[in-house]
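Asks: Quick one: this structure, given as structure tokens, is what I'll be asking you about.
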Amino acid sequence: MSRKTNLPAGKRALELVQNNAVPIMFIIICAVFIPMAGFSPSYLLNEIVTRMGRNLFLVLCLLFPIMAGMGLNFAMTLGAMGAEIAIILVADWQIWGIPGVVLAMILSIPFSALLGFICGTLQNMAKGREMITSYIINFFINGWYQLIVLYIMGAIVPIAHASIMLPRGYGIRNTVSLLNMRQCLDDLLAIRVAGVKIPVFTFLLVALLCLFIVWFRRTKLGQDMRAVGQDLEVAKAAGINVDRTRIISVVMSTVCAGFGMVIYLQNIGNLPTYTGHAQIGMFCIAALLVGGASVEKAGIGNAFLGVILFHLMFIVAPGAGAFITGDSMVGEYFRVFLSYGVITLALIMYEAKKRMVRSKAGQELAEAQTKKEDA
Amino acid sequence: MSTAIVLPEALKKMGFPRLIISGFLLVLFILTPFVGVDLPTQITNIINRFSWNAVLVLAMVPMIHAGCGLNFGLPLAIICGLLGGTLSIQLGFTGPMSFVMAVLIATPFAVILGGGYGLLLNRIKGGEMMIATYVGFSVMSFFCMMWLLLPYSSPTMVYGLSGNGLRPTISLDGFYNQTLARLLEIDFAKIAAALHISLGPLERIKIPTGSLIAFALLAFLMWAFLHTKTGTAMTAVGSNAAFARAAGINVDRTRMLSVIMSTWLGAMGILMYQQGFGFIQLYNAPNNLTMPTVAAILIGGASVNKASIPNVIIGTILFQGIVTMTPTVMNSAIHMDMSEVIRIIVSQGMILYALTRKAEGAK
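Protein sequences, first through last, are from chains A and B. Going by our numbering, the first sequence opens with residue 1, and the numbers climb by one from there. Going by our numbering, the second sequence opens with residue 1001, and the numbers climb by one from there.
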């Protein structure tokens, strides 16, 4: 730290820009796009606040595996699937409103925890390539999810209400209406400031999760997790049960993702049964990275900034695309391109840095050895 | 894998999941007469689909050999093929000539894009697979914009109303649809008619000889290459990079070559796929081929750092067998189409199995 303060102001500014290249790029993109899209400020503000309430919880759940050094948890989708199964059951039992949401959250815990446990165990079997493994697990479990929802529900698991069932007698419809549950959390304690609806209760839940994360980092388990994230071997030598700690971090992530998905779905007001979870992982990861996080380091601030910038870009891109090229589809593809691009960039920077550190360590070792031989 | 321990040595070598998949396919074959599915038609379908997909699967081999892992960046290679195909049509070539031109045009793109991709993968050794996935996605979504913005004008390809932007699906009738498949095609129905004899159910079998020969040629070249000095060097880099470097092999250049070869084969693979399927599919379609292709070579017995030509052939037959047989047999047997779900579980499960195997996980 002291070294940094000694640097001249210009150099320090340059370093700041280098370390935050992605958020700065997104700020520029948004600044260029907003006037092109031509939305009113109050509309934009309203959308951003809504989307923050909808997505923040989901984005925050990514922090646990990053803490444990397991990289971006592409398998957070598992929690979303667990929550979707819980929501389908709750919708079938016709428990609506706040009790329905609470019940769905409670019911999602066993599903998410089980899936998280499976995911963590598999990731432990594939140390060194956790991310690609979590990415594939996500598709693999999606197959089982479809099997359960499309063939087992209604046939083996009793589904009472025909309104959510496919006409053929088993399987769940493509969309399950959650109209009676819609925005019931958001409307609780909601206040309007200059036409912008602020879902206070949802934000309170998010704040609770943030407090939990801050507190958790200081607990014994949190410290263990960070030690595991720093260096597996050192942590093992220090007597930490590495595998168990890693599994716990993934389970925490999936369970939180389950809660987040319930919040997300009550805001949307319907459940797209087979596509609802498909993009969740990618968008949340992209949002976190846009906020300046990297594969090994992410904080609550990154999540907040990321959700704001990423969704701002998401709202204005089609309009801006239409303005530039006359075709709004270009804008839509552009925002998808940016989401993929930012993830690619973060992954490349992470791997390149890892390799640099490794080769530096190798050089130091070689130098030390030659010194020893000289002596 | 406690179950694998009790299996005899030969079966253990084959691997538990492969055993299940082969057994499953065998059951499907045995079931066909009982559920009223026509076996010769099914076999024709499998051979056809084999000829569409085999080259794509072959494209996995060089990168696995050089230790770059499974090529999840296949969309990049497919994009090169798509550029070749669309540009060939745009330049006004028709019939078999359009296929030749598509191959010729796709080649420089594959070399340039593959070269860049190889450069990138050399900088991030150890994390190839995850980055390959996202490089594939990024390139694909970038080209989603390009298909709309590039000045294509051929009326067979662009949107009818606005006149700009390529359509998501382009029919290849009059271009290179079935160009290779029709070459020397063996059609048992025609043979029977010519000889004035009845061959019974055999008459429903058709063999796309040209496509199969093209695949055989590429596979042979691949095999021959792997036995040259450069090919052996590639295998050495894949099995132990440090050792290969000590032996005086330029690791980065060898890896780069493998990536370029993989990209070129992928581009050829998609052109082969299109000539069999009869359509060019643009926009997000390249993504749909990645997982099935990766799964196919793994089902054939490859692992994250070992693959051979027999793996390609066996894997493609097994995977395409399941893809074609499950819907028809399942539908006739229990009137319930679970094929999609089974396909997802089988292919992703196979990839997951390959990624989590201890012996290969430890570097």
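Even for Gly, the Cβ is constructed at its ideal location relative to N, Cα and C.
Assign residue 356(A) to one of two classes, buried (16 or more other C-beta atoms within 10 Å of its C-beta) or exposed (fewer than that).
Replies: Classification of residue 356(A): exposed, given that the 10 Å Cβ count is below 16.
Asks: Could you give the first and the last residue of the continuous beta strand (DSSP E) run that contains residue 197(A)?
Replies: 196-198 is the extent of the beta strand (DSSP E) around residue 197(A).
Asks: Does residue 327(A) have its Cβ less than 8 Å from a Cβ in chain B?
Replies: By this cut-off, residue 327(A) is an interface position.
Asks: Straight-line CA distance for residue 233(A) to residue 1289(B)?
Replies: Cα to Cα, residue 233(A) sits roughly 39 Å from residue 1289(B).
Asks: Can you pull the chain B residues whose beta carbon is under 8 Å from the beta carbon of residue 336(A), in chain order?
Replies: Per Cβ cutoff of 8 Å: 1141 and 1144.
Asks: Under the three-state reduction of DSSP, which class applies to residue 1228(B): helix, strand or coil?
Replies: If DSSP states are grouped into helix, strand and coil, residue 1228(B) belongs with coil.
Asks: Using a C-beta to C-beta distance shorter than 8 Å, which residues of chain A count as neighbours of residue 1344(B)?
Replies: Those are 139, 140, 142, 143 and 146, listed as they occur along chain A.
Asks: What are the boundary residues of the alpha helix (DSSP H) that includes residue 102(A)?
Replies: Start and end: 97-125.
Asks: What ranges does the alpha helix (DSSP H) occupy inside the segment 1162-1211 of chain B, keeping only unbroken runs of at least 4 residues that lie completely in it?
Replies: DSSP runs (the alpha helix (DSSP H)) wholly in the segment 1162-1211 of chain B: 1179-1182 and 1188-1195.
Asks: Quick check: residue 1272(B) and residue 347(A), are their CB atoms within less than 8 Å of each other?
Replies: No, the Cβ-Cβ distance between residue 1272(B) and residue 347(A) is not below 8 Å.
Asks: List the residues of chain C that residue 1125(B) touches, going by C-beta distances under 7 Å, in chain order.
Replies: Of the protein chains in the structure, A and B, none is chain C.
Asks: Ignoring anything shorter than 4 residues or poking outside the segment 37-69 of chain A, list the alpha helix (DSSP H) runs there in chain order.
Replies: As far as the segment 37-69 of chain A is concerned, its whole alpha helix (DSSP H) runs of at least 4 residues are 41-60 and 63-67.
Asks: On a CA-only basis, which of 323(A), 369(A), 312(A) and 252(A) is nearest residue 67(A)? Give me that one, please.
Replies: Nearest option by C-alpha distance: 252(A).
Asks: From residue 1357(B) to residue 1298(B), what does the alpha carbon distance come to, in whole angstroms?
Replies: Roughly 12 Å separates the two Cα atoms.
Asks: What whole-angstrom Cβ distance do residue 1105(B) and residue 1084(B) have, given they're in contact under 8 Å?
Replies: Going by Cβ atoms, the distance from residue 1105(B) to residue 1084(B) rounds to 4 Å, so yes, they are a contact pair.
Asks: So what's residue 193(A) in DSSP terms, helix, strand or just coil?
Replies: Residue state, collapsed to three classes: strand.
Asks: Quick check on this structure: which residue in 1340(B), 1157(B), 1349(B) and 1332(B) has the alpha carbon closest to the alpha carbon of residue 1028(B)?
Replies: Answer by Cα proximity: 1332(B).
Asks: Taking Cβ-Cβ distances below 8 Å as the criterion, which residues of the segment 1165-1185 of chain B are in contact with chain A?
Replies: Residues passing the 8 Å Cβ filter: 1165.
Asks: Let's test the definition: count the other Cβ atoms within 10 Å of the Cβ of residue 335(A) and tell me whether it reaches 16, buried, or not, exposed.
Replies: It is buried - the Cβ of residue 335(A) has at least 16 other Cβ atoms within 10 Å.
Asks: How about the segment 1305-1316 of chain B and the segment 1251-1261 of chain B: do they share at least three Cβ pairs that are nearer than 8 Å?
Replies: Flag = no, the segment 1305-1316 of chain B and the segment 1251-1261 of chain B do not touch.
Asks: Report yes if the C-beta distance between residue 34(A) and residue 307(A) is below 8 Å; otherwise report no.
Replies: It is not a contact, given that the beta carbons lie outside the stated cut-off.
Asks: Using the Cβ count rule (16 or more neighbours within 10 Å means buried), how would you classify residue 359(A)?
Replies: Classification of residue 359(A): exposed, given that the 10 Å Cβ count is below 16.
Asks: I'd like the span of the alpha helix (DSSP H) that includes residue 1305(B), first residue to last.
Replies: Careful: residue 1305(B) lies outside any alpha helix (DSSP H) and carries neither H nor E.
Asks: Return the CA-CA distance between residue 1111(B) and residue 1197(B), expressed in angstroms with no decimal places.
Replies: Approximately 51 Å, taken between the alpha carbons.
Asks: For residue 1340(B), which option in 276(A), 150(A), 285(A) and 235(A) has the closest C-alpha, if you only look at C-alpha atoms?
Replies: Among 276(A), 150(A), 285(A) and 235(A), the Cα nearest to that of residue 1340(B) is on 150(A).
Asks: Below 8 Å, can you find three or more Cβ-Cβ pairs linking the segment 252-272 of chain A to the segment 173-190 of chain A?
Replies: Segments in contact, yes.
Asks: Taking 8 Å as the limit between beta carbons, can you name the residues of its chain near residue 146(A), skipping five residues before and five after?
Replies: Within the same chain, residue 146(A) has close Cβ partners 274.
Asks: Give the single residue among 1191(B), 1043(B), 1312(B) and 1186(B) whose Cα lies nearest to the Cα of residue 1222(B).
Replies: When only C-alpha atoms are compared, the closest one is 1312(B).
Asks: Let me see if you follow: with CB-CB separation under 8 Å, is residue 1361(B) close to chain A or not?
Replies: Note that residue 1361(B) has pLDDT 39, beneath the 50 cutoff, so the model's placement of it is unreliable and the number below is only indicative. Judged by the 8 Å Cβ criterion, residue 1361(B) is in contact with chain A.
Asks: Measure the beta-carbon distance from residue 1276(B) to residue 1055(B) and round it to whole angstroms, keeping in mind my assumption that it falls under 8 Å.
Replies: In fact, because the Cβ distance is near 10 Å, the residues do not count as touching under 8 Å.
Asks: Quick one: using the 10 Å Cβ neighbour count with 16 as the cut-off for buried, is residue 193(A) buried or exposed?
Replies: The residue is exposed, with fewer than 16 neighbouring Cβ atoms inside 10 Å.
Asks: Could you check whether the Cβ of residue 1001(B) sits closer than 8 Å to any Cβ belonging to chain A?
Replies: Bear in mind that a pLDDT of 41 at residue 1001(B), under 50, signals an unreliable position, so the number given afterwards is only what the model happens to contain. Cβ-Cβ to chain A under 8 Å: no for residue 1001(B).
Asks: With 8 Å set as the bound, which would you pick, yes or no: does the beta-carbon of residue 246(A) sit closer than that to a beta-carbon of chain B?
Replies: No, residue 246(A) lies away from the interface with chain B (no Cβ there is under 8 Å from its Cβ).
Asks: Grouping DSSP H, G and I as helix and E and B as strand, with all else coil, what is residue 177(A)?
Replies: Here residue 177(A) sits in strand by DSSP.
Asks: Could you pull out every residue in the same chain whose Cβ sits closer than 6 Å to the Cβ of residue 1101(B), ignoring the five residues on either side in sequence?
Replies: 1088 and 1093.
Asks: From this set, 246(A), 220(A) and 211(A), which residue's C-alpha is nearest residue 228(A)'s C-alpha?
Replies: Checked all of 246(A), 220(A) and 211(A); the closest Cα to residue 228(A) is 246(A).
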